Amino acid sequence: MKLYTRTLSDLKEMLVEERVKLDDIYESISYRVKNVEPLVKAYVNQNEEIDLDELDEKDYEDTYLKGLPIAIKDNMSTENLKTTCSSKMLEDYVPPYNATVVNKIKEAGGIITGKTNMDEFAMGSSTENSAFNPTVNPWGKNRVPGGSSGGSAAAVAAGMAPVALGSDTGGSIRQPASFCGVVGLKPTYGAVSRYGLVAFASSLDQIGPLARNVDDIALMMNVIAGNDEKDSTCVDRTYPDFTEYLKNDVEGYKIGIPNQYFEMDIDDEVKESVMNAVKQLEKAGAKVEKVDVTGAEYALAAYYIIATAEASSNLARYDGVRYGLRAEDANNLNDMFTETRQQGFGEEVKRRIMLGTYVLSAGYYDDYYLKAQKVRTLIKNDFDELFEEYDLIVSPTTPTTAFEIGEKRDPLEMYAADIFTVPVNIAGIPAISVPCGFDNKGLPIGIQLMGPHFKEEKLIQAAYSLEKILDLDIDYPDLEMEV
Amino acid sequence: MINEEEVKKIADLASLKLSEEETKTFAKQLSDIVDYVEKLDELDTDDIVPTAYTIPVKNVLRKDEVEESLDIEKVLKNAPEELDNQFRVPKIMDEDN
Chain F
2 MKLYTRTLSD LKEMLVEERV KLDDIYESIS YRVKNVEPLV KAYVNQNEEI DLDELDEKDY
62 EDTYLKGLPI AIKDNMSTEN LKTTCSSKML EDYVPPYNAT VVNKIKEAGG IITGKTNMDE
122 FAMGSSTENS AFNPTVNPWG KNRVPGGSSG GSAAAVAAGM APVALGSDTG GSIRQPASFC
182 GVVGLKPTYG AVSRYGLVAF ASSLDQIGPL ARNVDDIALM MNVIAGNDEK DSTCVDRTYP
242 DFTEYLKNDV EGYKIGIPNQ YFEMDIDDEV KESVMNAVKQ LEKAGAKVEK VDVTGAEYAL
302 AAYYIIATAE ASSNLARYDG VRYGLRAEDA NNLNDMFTET RQQGFGEEVK RRIMLGTYVL
362 SAGYYDDYYL KAQKVRTLIK NDFDELFEEY DLIVSPTTPT TAFEIGEKRD PLEMYAADIF
422 TVPVNIAGIP AISVPCGFDN KGLPIGIQLM GPHFKEEKLI QAAYSLEKIL DLDIDYPDLE
482 MEV
Chain A
204 MINEEEVKKI ADLASLKLSE EETKTFAKQL SDIVDYVEKL DELDTDDIVP TAYTIPVKNV
264 LRKDEVEESL DIEKVLKNAP EELDNQFRVP KIMDEDN
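Chains as they are written, first to last, in the numbering used here: chain F, 2 to 484; chain A, 204 to 300.
Rendered as C-alpha cells:
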C-alpha cells in the first residue's frame, strides 16, 4: 500500500514499530504532490526546507507526532514561511513569529509541509475567492473543494498530507471537509488558541483539524487543544486524551434531529444519505427524536451582520504602513491608505468590509448589530436547552454536494452554502463533519454532528462509531491519470 | 435600499476607493443582503440580552514585567519603507496644502 494513502495514526504506529522510515513517507508524499498538485492546486506555498536526506526518525523518537507531515491553512502565522491569507495584500508577508498551534505542532514533532489555499482572508465557501487561483476538488475536476479551508480539505483528500489545520468562522472547516469526503472538526470557541491566526471575525473564528479518519482528528486535538496566555478568549481547563474516546459505542446516546433544518431546501440524495446514517446510529443503540430549533436562516442572517462587522474592524489594520502591500505613488498618507486597500483586497473582502461598516455606522447599530447579538442569544439558548436533554444534534453539513467552479455568482447564493454550519459558530459549540455517502455523480456527502460546549470527546466517539458502522470505502480519486 | 451615494459614503468610512463599476454593483448587492438580514425583524427580541461571546470571557491580566520582544530587524523586514527603526509613510498633506 502506498504510504501517502495512510492516515497519521497508521504512519505513527508504523514508525513506532520501525516498519517504515521517515524519508520513505516523505518520498511517497512528495511523489504524490508532484503528480496531483498541478491539477488540485491545494498549496499556496510549500515548505522548501524539508530535506529528505536529513530526515531521521530517531530525531523524533520521543515526540508525539514522530516527524510526520501536517499542512497548515495559509492564515496561520509561520515564522520564516510566507503567510498570505490568499490575498494580494499579504502576498509577500513573512511572519516574524509562529501561531501557537504551529508552535504546538512543532513541539509535538510535526513538520509543516506547506500553507494551503483558501478564500481570501477566509471569506468564502468555495476557495474561488483566493487572489491566486481556485483549488480543484479531487473528486471532480470542475468542482469546488468548498471553503474557506478548501486547500486544506483538498490536500488531505488527494493524499498530499495526512492531516491539515483549517479555520472555521461559519463552516470553513466542515463545509470543505464535507465536499472533499474527509473529516473536519470545529472545536468549541475557546478550546484552541488563535494567537497568530489572522483575524476575520474574532467572536466566531476557531482553528481545527481536517483528516481522513476520526482517529487522526483525536490525535490532532490532543496536540492543539489547551489554554494560551496569548489568547485571552482561550479557556483555562483540562482536556481529556481524545484518543480514549475512539470507541464504537453510541448505546444510550440521545440524538435530536432539528425539524426546521430538514424542512429547508436540501438535495434529495443528501437528505437520504444523512437520514440513513441517523438510522444506522439508531440501530446501534442511539435514541433519535425530532426537535425544534430557531430556523437556520436566522442564524445565517445574524452571521452576516456579526461576521462582517467584526471583519470591517479587524481588516482596518491593512493600511500599507507596517507590513503587506503599499500602493506606490500616492500623493499623501490618506491616498496611500485608500489606494493600498483598493489594490490589495479582492471583491468579496471589499463587499464584507462595506457591509460591516454599514451595519456599524451611526443610526444603524441598534437595528443590525445589536439585533444580531440578541438573535445570537436566542440561538445559543436553543442549543443550551436541547443539550440538557440530548447528547447530539444532527444535520447535513451542507444542503448540496460540491458545486461547479464558477456556478455561484450571486453573493447570497454562495452564503446559503453555509446555512447548516453557521448556527454552530453563532452558538460557539463544537461540531464535526463526517463522510456518510456519495451522490450519483460520485461526490461525497457529509453529516454534521453538533455537541455541547467543550464536549468534543462526545462528538469524537459518535463520529468514530458512525465511521465504523457505515464502513464507507473511500478510495482515492484517480487523479494521476488526469494530469 | 442602499443607493450609490450611500455606497460612496460607506466606502469613505472604510477607507476604500471603489471604481464606478464596483459602486454600482455593491449598491445592488448590499441592498439584497440587507433585505435578507432584515429577516431578523420576524423574531421578537425585546426582552433578550445581547450575546457578544458565547463562553464566559473575562479580562486576562499579566504581570507588568519586561520580556523579550520580537526582533526589530525581523519585524521591519515586512515594512514597505523604514527609516531608523521606524515605519516611513508618505507626507500627511499634499505639497500645495
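In this text, a Cβ means the ideal position worked out from N, Cα and C, and glycines have one as well.
This structure is a prediction, so every number in the text was calculated from the model and none was measured.
Chain A contact for residue i (CB, 9 Å cutoff)
i: F:F404; result: no
i: F:D320; result: yes
i: F:F243; result: no
i: F:Y391; result: no
i: F:G443; result: no
i: F:A317; result: yes
i: F:M355; result: yes
i: F:M482; result: No answer about F:M482 holds up, because its pLDDT of 45 lies below 50 and its placement is not dependable.
i: F:D93; result: yes
i: F:Q168; result: A quick correction: the sequence has Ser, not Gln, at residue 168 of chain F. Chain A contact via Cβ: absent.
i: F:V37; result: no
i: F:R327; result: yes
DSSP-derived helix/strand/coil call for residue i
i: F:I420; result: coil
i: A:S218; result: coil
i: F:K59; result: helix
i: F:S466; result: helix
i: F:C485; result: The structure shown has nothing for residue 485 of chain F, since chain F only spans 2 to 484.
i: F:L473; result: coil
i: F:V484; result: Its pLDDT being 38, under 50, F:V484 is placed unreliably by the model, and the measurement read from it follows with that caveat. Note: F:V484 maps to coil in three-state DSSP.
i: F:M119; result: coil
i: F:V236; result: coil
i: F:E245; result: helix
i: F:Y369; result: helix
i: F:P139; result: coil
Spatial distance of residue i from residue j (CA atoms)
i: F:E49; j: F:Y365; result: 49 Å
i: F:C86; j: F:G286; result: 44 Å
i: A:S234; j: A:I205; result: 5 Å
i: F:R353; j: F:F421; result: 20 Å
i: F:E80; j: F:D232; result: 18 Å
i: A:E245; j: F:N223; result: 43 Å
i: F:K3; j: F:Q462; result: 28 Å
i: F:T339; j: A:A217; result: 9 Å
i: F:K42; j: F:S434; result: 23 Å
i: F:A178; j: F:S314; result: 29 Å
i: F:L450; j: F:R377; result: 20 Å
i: F:L82; j: F:V157; result: 20 Å
i: F:Y262; j: F:C437; result: 18 Å
i: F:T128; j: F:I106; result: 25 Å
i: F:K272; j: A:L219; result: 43 Å
Partners in chain A for residue i, counting only beta-carbon separations shorter than 9 Å
i: F:A303; result: V240, L243
Beta carbon proximity, residue i to chain F, threshold 9 Å
i: A:V269; result: no
i: A:K220; result: yes
i: A:E207; result: no
i: A:N288; result: no
i: A:E223; result: no
i: A:M184; result: Because chain A is modelled from 204 through 300, residue 184 of chain A falls outside the range shown and cannot be assessed.
Contact list for residue i against chain F, beta-carbon separation under 7 Å
i: A:A282; result: R323, Y324
i: A:A255; result: S204, Q374
i: A:K277; result: P97
Cut-off 7 Å between Cβ atoms - residues of its own chain near residue i, not counting five sequence neighbours on either side
i: F:Y226; result: A small correction: the amino acid at residue 226 of chain F is Ala; Tyr does not occupy that position in the sequence shown. Result list for F:A226: P188, A192, V193, Y240, in chain order.
i: F:E458; result: P241, F243, Y246
i: F:T398; result: R175, Q176, S179, F421, T422, S434, G447, I448, Q449
i: F:A200; result: D206, N315
i: F:Y94; result: K83, T84, T85, Y324, G325
Other residues of its chain near residue i: CB distance less than 6 Å, five sequence neighbours each side excluded
i: F:A236; result: The sequence shown places Val at residue 236 of chain F, not Ala. Only G191 meet the Cβ criterion.
i: F:F455; result: T189
i: F:G429; result: Y190
i: F:G185; result: I174, R175, A178, L211, S434
Proximal chain A residues relative to residue i, where beta-carbon distance stays under 8 Å
i: F:P412; result: Q232, D235, I236
i: F:T239; result: Under the 8 Å cutoff, chain A gives no residues; its nearest Cβ is about 16 Å from F:T239.
i: F:S127; result: Going along chain A, no residue has its Cβ under 8 Å from F:S127, so there is no contact; the nearest lies around 17 Å.
i: F:S362; result: I213, L216
Partner residues on chain A for residue i, Cβ-Cβ distance less than 7 Å
i: F:Q343; result: L219, K220
i: F:T358; result: I213, L216, A217
Residues near residue i in its chain [Cβ-Cβ closer than 8 Å; skip 5 each side]
i: A:V292; result: E284
i: F:K13; result: L66, K67, L69, L220
i: F:N15; result: In the sequence on display, residue 15 of chain F carries Met and not Asn. So the list reads R7, V21, once near-sequence residues are dropped.
i: F:S466; result: K248, N249, D250, V251, L282, A285
i: F:L387; result: G257, V292, V294, I394
Listed by chain order, chain F residues near residue i by CB distance under 8 Å
i: A:D274; result: P97
Per-residue contacts from residue i into chain F (C-beta, under 9 Å)
i: A:K266; result: Going along chain F, no residue has its Cβ under 9 Å from A:K266, so there is no contact; the nearest lies around 11 Å.
i: A:K294; result: N332, N333, L334
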